[in-house]
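The structure under discussion appears below in the form of C-alpha cells.
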Amino acid sequence: MPKEVQTDETEPGSPPQKVQARALSRSSILVRWEPPEKPYGQITGYIVYYTNLDPSVPHSLWKTQEIKSDQLIATISSLEFESTYYIQVQAKNAKGLSPISPTATVITRQGIPGQPAGLTAKVLDAHRIQLTWEKPLHSYNIIGYSIHFNDSNGNGRELTLTVPVEKHIIDGLLPNTFYSFRVAARSARGTGAYCTDVTAKTDPNVPTESPKIITLKALSSQSLLIRWKAPLQEQRNGKIRNYIIRWRPVLYNNSNSNKEHGGIAESIEETDEISTGNDKDDKNEWLEMIHDAVMDNSVIIKGLNPYTIYEVSVAAGTDIGYGPGSEPQRGQTDEDGW
Numbered sequence: 039m040p041k042e043v044q045t046d047e048t049e050p051g052s053p054p055q056k057v058q059a060r061a062l063s064r065s066s067i068l069v070r071w072e073p074p075e076k077p078y079g080q081i082t083g084y085i086v087y088y089t090n091l092d093p094s095v096p097h098s099l100w101k102t103q104e105i106k107s108d109q110l111i112a113t114i115s116s117l118e119f120e121s122t123y124y125i126q127v128q129a130k131n132a133k134g135l136s137p138i139s140p141t142a143t144v145i146t147r148q149g150i151p152g153q154p155a156g157l158t159a160k161v162l163d164a165h166r167i168q169l170t171w172e173k174p175l176h177s178y179n180i181i182g183y184s185i186h187f188n189d190s191n192g193n194g195r196e197l198t199l200t201v202p203v204e205k206h207i208i209d210g211l212l213p214n215t216f217y218s219f220r221v222a223a224r225s226a227r228g229t230g231a232y233c234t235d236v237t238a239k240t241d242p243n244v245p246t247e248s249p250k251i252i253t254l255k256a257l258s259s260q261s262l263l264i265r266w267k268a269p270l271q272e273q274r275n276g277k278i279r280n281y282i283i284r285w286r287p288v289l290y291n292n293s294n295s296n297k298e299h300g301g302i303a304e305s306i307e308e309t310d311e312i313s314t315g316n317d318k319d320d321k322n323e324w325l326e327m328i329h330d331a332v333m334d335n336s337v338i339i340k341g342l343n344p345y346t347i348y349e350v351s352v353a354a355g356t357d358i359g360y361g362p363g364s365e366p367q368r369g370q371t372d373e374d375g376w
C-alpha cells in the first residue's frame with residue numbers, strides 16, 4: 039500500500055496577501071490582510087511594520103506590532119495626526135519568517151478612504167487600456183476615484199471619476215507605449231493614498247509617419263538608387279520590420295518631349311502633359327518590392343527602361359501593417375551606353 043510521508047516544515051514561502059489599511063481616527067489605523075499562499079507549516083503569528091518615514095529606510099527604524107496567528111486584523115494607535123503611514127506585514131512559523139508583504143499606504147485623517155486593492159491593467163488595443171480594482175476597506179463614504187498615469191516619456195495625466203465604480207477604460211493612448219497607473223479613492227473629506235502602480239504596454243500599430251526619401255539617382259540606364267530615413271521614433275508605433283518600395287514610370291502624352299528637352303528638370307517644367315496612371319483605363323500600375331528593415335535603408339531598383347523618369351515612394355511596416363507612403367519623388371535613368 040502507498041505510504042504517506044510528510045515533508046519537514048520550513049519558513050513560509052510567500053508573504054501575507056491583500057494587505058489593506060484605513061484610518062480609524064486622526065491617530066489610529068486599521069490593518070487587514072490574508073494568510074500567505076505558501077505557509078509551509080503552521081503560522082504562529084504576524085508582525086505588522088509601520089512608519090511615517092521614507093519607506094526605503096531600514097526595517098530596524100520601523101515600528102512593529104506582534105499579532106496572534108488567529109487574527110488577520112490589527113489596530114495601531116498613538117500615531118501622528120495628518121500623516122502618511124506605510125504598512126507591511128510578515129508571517130512567521132516555527133522555522134522562521136516569510137518574505138515581507140508589499141507596502142500599503144494610509145493617511146491618518148478621519149473620513150479619508152484607504153487604498154484601493156488589486157489594481158490590474160488589461161490592454162484592449164493600441165489606444166485603450168482597461169483598469170479594474172477593488173474597493174478599499176469600509177468603502178461606504180466613497181464618492182469616486184482619482185486615476186493618475188504616466189507614459190514612458192514622463193508625460194502624466196490625472197482623471198477624476200465622480201461615481202464609485204471600480205472599472206474604467208483609459209483611451210487616447212499612444213501605440214506601443216508603456217503606461218504606469220495608480221488609483222486613489224475619494225470621499226467628501228478628501229482623497230486617500232494611491233495604490234501601488236501597475237504597468238501595461240499598449241499594442242503596436244501601423245506607423246503614422248512615412249519614411250523620407252533623401253537620395254534618388256540613376257546608377258545606369260536600367261537602375262535607380264534610393265535611400266531614405268526611417269520615420270521618427272515616436273511615429274513608428276512599433277518595431278519597423280520592413281519597408282515597401284513602390285515605383286512606376288511617368289508617362290508623357292508627347293512621347294518625344296522627354297528626350298527633346300534633355301532631362302528630367304526641363305521636361306517637367308515645360309508644358310507637356312504628364313500622366314501618372316490615375317485614369318481607370320491606364321495600365322501604368324505601381325511595381326513594388328519588400329526590403330527587410332535589418333538591412334541598410336537603401337535599395338537599387340533594377341530592370342528599368344533607359345532614359346525614363348520614374349516616381350518612387352516608400353512606406354514603413356510594423357507587425358500590424360504598413361503606414362502611409364512617402365510623397366513620390368522622381369528620378370531618371372541614364373541613356374543607353376552610360
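Position 46 (the sequence shown) corresponds to 84 in the working numbering; numbering is contiguous.
Idealized CB from N, CA, C, for every residue including glycine.
Out of the options, point me to the one whose CA is closest to residue i's CA.
i	options	result
Pro73	Ala129, Ile347 and Ser184	Ala129
Gln80	Glu49, Gln367, Val201 and Ile339	Glu49
Gln126	Glu104, Glu373, Asn214 and Asn280	Glu104
Lys56	Gln153, Ile282 and Glu326	Gln153
Lys101	Leu91, Pro54 and Asn343	Leu91
Tyr124	Glu196, Arg166, Tyr232 and Phe187	Tyr232
Helix, strand or coil, according to DSSP, for residue i in the structure here?
i	result
Leu14	There is simply no residue 14 to check, as the chain begins at 39 and stops at 376 in what is shown.
Glu272	helix
Glu304	With a pLDDT of 39 at Glu304, under the threshold of 50, the modelled position of this residue cannot be trusted; read the value that follows with caution. Looking at Glu304 - three-state DSSP - the assignment turns out to be helix.
Val1	This structure does not reach residue 1, given that the chain is present from 39 up to 376, and the question cannot be answered.
Val337	strand
Gly51	coil
Asp319	Low confidence applies to Asp319: its pLDDT is 40, below 50, so where it sits in the model is not reliable, and the reading given next is rough at best. Coil, per DSSP.
Trp232	The sequence as given places Tyr at residue 232; Trp does not occur at that position. Coil, per DSSP.
Val203	coil
Val57	strand
Trp324	coil
Lys173	coil
Asn343	coil
Ser364	coil
Thr143	strand
Ile111	strand
Would you mind stating whether residue i and residue j have Cβ atoms separated by less than 9 Å?
i	j	result
Ser107	Tyr84	yes
Val352	Arg284	yes
Leu263	Ser336	yes
Thr141	Pro93	yes
Pro151	Thr229	yes
Ile185	Thr198	yes
Ile328	Ile278	no
Arg227	Gln148	yes
Leu342	Ser261	yes
Tyr78	Glu47	yes
Where does the unbroken beta strand (DSSP E) through residue i begin, and where does it stop?
i	result
Ala13	With the chain running from 39 to 376 in the structure shown, residue 13 is simply not present.
Asp209	No beta strand (DSSP E) contains Asp209, which DSSP labels as neither H nor E.
His186	Ile180 to Asp189
Gly263	Per the sequence shown, residue 263 should be read as Leu rather than Gly. From DSSP, the beta strand (DSSP E) with Leu263 extends over Ser261 to Lys267.
Phe216	Phe216 to Ser225
Discussion item. Could you check whether the segment 120-140 touches the segment 208-216, counting it as contact only if at least three pairs of C-beta atoms, one from each stretch, sit closer than 8 Å?
Written reply: no
**OP:** Specify whether the segment 268-279 and the segment 244-257 touch according to this definition: at least 3 beta carbon pairs, one from each stretch, less than 8 Å apart.
**Re:** yes
Flag this pair as touching only if the segment 219-239 and the segment 158-169 have three or more C-beta atom pairs under 8 Å; answer yes or no. yes
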